[in-house]
Amino acid sequence: FRMSTKSVLQGFVTGLKHRQEDVRFKTAVELHHFVVTELRELPQEEVASFMDDFNHHIFEMVSSSDVHERKGGVLAIVSLLGGDVGNIGTRMSRFANYLMNLLPSNSYDLGVMEMAAKAVG
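Using this note's numbering, read the sequence shown as starting at 1479 and increasing by one per residue.
This is the structure we're talking about:
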């Protein structure tokens, strides 16, 4: 089963990095659904492993020079926070730092900054 969560994770990452906005949004909705349904049913170790792996990908996305990848990272954060799974308190502060770093975005992409600001609240 471990391998299937890895392939599911990779599918989400690929969709969230997609250049087309509708693909990123569809993937974010699917990610949220996965988190609130299937992921909650897994043993805690698998949840932690999935979330740790995903955190690594999110960091890469929000640190990317590609605007669509940064937007995908923001969507991933919002999807995961809405799922409230896997040591959410620790992850929330990490995600908040990722989002805050996007606000004065080096590329000054208003779309990314706006998404990050909305995610921060």
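Even for Gly, the Cβ is constructed at its ideal location relative to N, Cα and C.
Predicted model, so just to flag it, every value in this text is computed and none were measured.
{"query": "Would you identify the three-state DSSP class for ARG1497, choosing helix, strand or coil?", "result": "coil"}
{"query": "Can you tell me which of the three DSSP states LEU1553 falls into?", "result": "helix"}
{"query": "So, are the CB atoms of PHE1512 and THR1483 less than 7 Å apart?", "result": "no"}
{"query": "Measure the beta-carbon distance from ARG1548 to SER1557 and round it to whole angstroms, keeping in mind my assumption that it falls under 8 Å.", "result": "At roughly 15 Å, the Cβ-Cβ gap does not stay under 8 Å, so ARG1548 and SER1557 are not in contact."}
{"query": "Exposed or buried, what is ARG1518 when buried is set at 16 or more other beta-carbons lying within 10 Å of its beta-carbon?", "result": "exposed"}
{"query": "Within 10 Å of its beta-carbon, does GLY1551 have 16 or more other beta-carbons around it, so buried, or fewer, so exposed?", "result": "buried"}
{"query": "Going by C-alpha to C-alpha distance, which of GLY1589, GLY1560, PHE1537 and HIS1546 sits closest to TYR1576?", "result": "PHE1537"}
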